[in-house]
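The numbering of the sequence shown is the working numbering, which starts it at 28 and goes up by one.
Worksheet: the structure to be examined is printed underneath.
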Amino acid sequence: MSRYRLQPSPAQEAGLLEHCGHARYVWNLAVEQHMLWKPGRRSAPGFAEQCRQLTEARAAFAWLRTGSIIVQQQALKDFAQAMANYFGGTHRRPTWRKRGRGEGFRIVAVKAGDVRRLSRHVGEVKVPKVGWIRFRWSRAVPDEVKSYRVTRDRAGRWHVAFAAIPDPVPAPGLGEVVGVDRGVAVSAALSSGEMLHAPGLREAEKARLRRLLRKLARAGRGSNRRAEVKAAIARVKARESDRRKDWVEKVSTGLARRFDVVAVEDLKIGAMARSVRGTVEVPGRNVRAKAGLNRSILAAGWGCLVRRLEDKAPGRVVKVSPAYTSQRCSACGIVDRQARESQARYRCRSCGYAANADVNAARNIAHAAGHVVSAREGPRVAGPVHREPQHDLLLVG
Ligand SMILES: [Zn+2]
């Protein structure tokens, strides 16, 4: 993601905060509308209807009218997308936005001259109603920026991210399929046996975070001290999330470049989160053992990795049913509920195959993808897969 550090002047910052406020206000209105909705009633207003209501509200309230209509409309659009993600099962239900947390807004219909370079390390972006704001030109800005998003993190830093769908990475054309299992102890396991670890905080940073959290507990409510400690905590967390984002970019590019087909579990993160609460059970996964790990799974940015893969390898990402991927032996195909010796080890009691449990799952995912690919496109890409044992993992249409 091309994300750049914005350097607004204090006056510009006030303008940006106003945009954030309007975006938050409109978003929260949309949340409220959808919360009031009860089953059996006429459906809650969709994006088009909400845009009409926004026009009326702008006519009625001067303070809303003074804001940017793009900012306000895009907040509705973001909300519509969030609801679609929620109904799609990949995300949680959108909720209230609070001041100071995850603030931001989106600008669309960006014109060619709205982003320009001033010097080697300095660029400028034109923000409606605020003007030209400088940013650190830390890497090449994509051509033909169509939209961008301005965000303020909890540490108070402003960023601008220019939206340009990355150019697809060319497939190597060797017919290789890789299965990727999202792990917990490791962040991703490949069917090739590789383990990819998402970077987190270093030990010293973790210790510092623990110290800061203790300080926060002691700091009095509303004190300056508390605000300082909170900002310090936010900086540590921002560093961690920057590292994760970097990791996702590197891994997704690497996989797209090395393999023709990348297979992942069609495991909806939202559905998994619910399964821990006991409403949906994803077959083959040990729900109880995962309960405490849920947060780390979400933190590992699995959904983010899959999205980037789909951007970079369009049409080459295959999602397969997660059924039994963790219990099935990838060597002989038998499903053995007791084969999992621990969270980390898989040992087949039938054929003796032993491997890291996540790698075993990744191999099953690759096998299943081989079926999808060969059913869809014939043996062209599926060549090597046919030498692997055949399983009937496939539930994908
Ligand atoms: Zn076996």
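C-beta atoms are modelled at their ideal positions from N, C-alpha and C, and glycine is treated no differently.
Note that this is a predicted model, so its numbers are computed, not measured.
Quiz item: Which same chain residues, not among the five before or five after K339, have their C-beta less than 7 Å away from its C-beta?
Solution: Excluding positions up to five away in sequence, the list reads P193, P195, V196, S279, T280 and A283.
Self-check item: Residue range of the alpha helix (DSSP H) that includes T82
Solution: Counted as a single uninterrupted DSSP element, the alpha helix (DSSP H) harbouring T82 occupies residues F74 to A87.
Quiz prompt | V303 in three-state terms, based on DSSP | solution = Any reading at V303 is ruled out, since the residue's pLDDT is 43, under 50, leaving its predicted position unreliable.
Quiz prompt | Nearest-angstrom beta carbon gap, R184 and A265 [assumed within contact, 8 Å] | solution = Indeed, because the Cβ distance is near 7 Å, the residues count as touching under 8 Å.
Quiz item: With C-beta atoms as the reference, is W54 less than 7 Å away from R120?
Solution: For W54 and R120, no; Cβs fall outside 7 Å.
Quiz item: Whose C-beta lies closer than 7 Å to the C-beta of T306 among residues of the same chain, with five residues either side of it excluded?
Solution: For T306, the pLDDT reaches just 36, beneath the cut-off of 50, and the residue's location in the model is therefore unreliable, although a value from the coordinates is still provided. Around T306: no qualifying Cβ.
Quiz prompt | Distance between D180 and F132 (C-alpha atoms, nearest Å) | solution = Roughly 12 Å between the two C-alpha positions.
Practice problem: Could you tell me which residues DSSP pairs with M62 in its beta bridges? | Solution: Checking the DSSP bridge columns, you'll see M62 has no partner listed.
Self-check item: Cβ-heavy atom distance, C47 to ligand 3, below 6 Å
Solution: This structure simply doesn't include ligand 3; it includes ligand 1 instead.
Exercise. Could you check what DSSP says for V98 in three-state terms: helix, strand or coil?
Key: If DSSP states are grouped into helix, strand and coil, V98 belongs with the helices.
Practice problem: Look at the alpha carbon of E45 and the alpha carbon of R285, and state the distance between them as a whole number of angstroms. | Solution: When only Cα atoms are considered, E45 and R285 end up about 45 Å apart.
Exercise. With a threshold of 16 other CB atoms inside 10 Å of the CB of G342, please say whether the residue is buried or exposed.
Key: Under this definition G342 is an exposed residue.
Quiz item: Counting along the chain, where does the beta strand (DSSP E) carrying V263 start and finish?
Solution: That residue, V263, is in no beta strand (DSSP E); its alpha helix (DSSP H) goes N251 to R285.
Quiz item: At a cut of 8 Å, does the stretch 378-389 reach the stretch 346-359 through at least three beta carbon pairs?
Solution: With three or more CB-CB distances shorter than 8 Å, the stretch 378-389 counts as touching the stretch 346-359.
Quiz item: What is the DSSP secondary structure of Y113, counted as helix, strand or coil?
Solution: The answer is helix: DSSP assigns Y113 an H, G or I state.
Quiz item: Which value, in whole angstroms, describes the spacing of the CA atoms of W329 and V98?
Solution: Going by the C-alpha atoms only, they are around 29 Å apart.
Quiz prompt | Through-space distance from A107 to A75, alpha-carbon basis | solution = Going by C-alpha positions, A75 is about 10 Å away from A107.
Self-check item: Beta-bridge partners of A215, as assigned by DSSP
Solution: Its beta-bridge partners are R209 and L223.
Quiz item: By the 10 Å Cβ neighbour count, where 16 or more other Cβ atoms means buried, how is L43 classified, buried or exposed?
Solution: That one is buried.
Exercise. Determine, using beta-carbon pairs with one atom in the stretch 371-387 and one in the stretch 213-225, whether at least three such pairs fall under 8 Å.
Key: Short answer: they touch.
Quiz item: By Cβ distance below 7 Å, which residues in the same chain neighbour E368 in space, the five residues on each side in sequence not counted?
Solution: Cβ within range, chain order: R374.
Self-check item: Own chain residues within Cβ distance below 6 Å of W274, not counting five before or after
Solution: Excluding the 5 residues flanking it on each side, W274 has same chain C-beta neighbours closer than 6 Å at A225 and P226, in chain order.
Quiz item: Can you tell which of V142, S348 and L56 has the C-alpha that lies nearest to the C-alpha of V168?
Solution: Per the C-alpha coordinates, the member of V142, S348 and L56 positioned closest to V168 is V142.
Quiz item: From which residue to which residue does the alpha helix (DSSP H) around L332 run?
Solution: Judged by DSSP secondary structure, L332 falls within the alpha helix (DSSP H) whose first and last residues are W329 to K339.
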